[in-house]
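Participant: Input: one structure, supplied below.
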Amino acid sequence: MSRPRIKTRSTAQGQVEAWLRILFPLAAVLFALSQLAPIWRPYVMPEPRTEAVDHHFSGCDEARAAGMSNIPWTDPSYRDWMDGDDDGLACEPHRR
Ligand SMILES: [Ca+2]
């Protein structure tokens, strides 16, 4: 009478399977946490947009009285006729 043959695993194969039993659940947990991360991200208030406003000054005296000088050509309040030397800056401070 012969004994039934029992297939045995090698030690290395057993170690690999043991590591996989640990690594697969760990990877699943880490993946799930990475998917939840956007929920935990703190809300950051956006910076208020500072859009340039066209003030429609009647002249440089009014602009300076409002605290604006050296108005660049990119500013909506810039007017060609307020830039006497045509250098792209309107209402430069008075020279002394
Ligand atoms: Ca100028």
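Residue numbering for the sequence shown follows the working numbering, starting at 1 and increasing by one per position. All residues carry an ideal CB built from backbone N, CA and C; glycine is no exception. Note that the structure is predicted; figures quoted are calculated from it, not measured.
(1) Would you call F31 buried or exposed, if buried means 16 or more other Cβ atoms sit within 10 Å of its Cβ?
(2) Taking 7 Å as the cut-off, does the CB of G84 come closer than this to any heavy atom belonging to ligand 1?
(3) Ligand 1 and E92: does the residue's C-beta get closer than 7 Å to at least one heavy atom of that ligand?
(4) Under the criterion of a Cβ to heavy atom distance below 7 Å, does D142 qualify as lining ligand 1?
(5) Reducing DSSP to helix, strand and coil, say where A18 ends up.
Facilitator: Taking the geometry as given:
(1) As a working mapping, residue 31 is identified with position 31 in the sequence shown. When all chains shown are included, F31 counts as exposed.
(2) For the purposes of this step, residue 84 is taken as residue 84 along the sequence shown, with counting starting at 1. Checking the Cβ of G84 against ligand 1 gives yes.
(3) Locating residue 92 in the sequence shown gives position 92, counting from the first residue. Under cutoff, so the answer is yes.
(4) What is shown of the chain runs 1 to 96, which leaves residue 142 out entirely.
(5) As a first step, residue 18 is located in the sequence shown; it is residue number 18 there, counting from the start. Helix, per DSSP.
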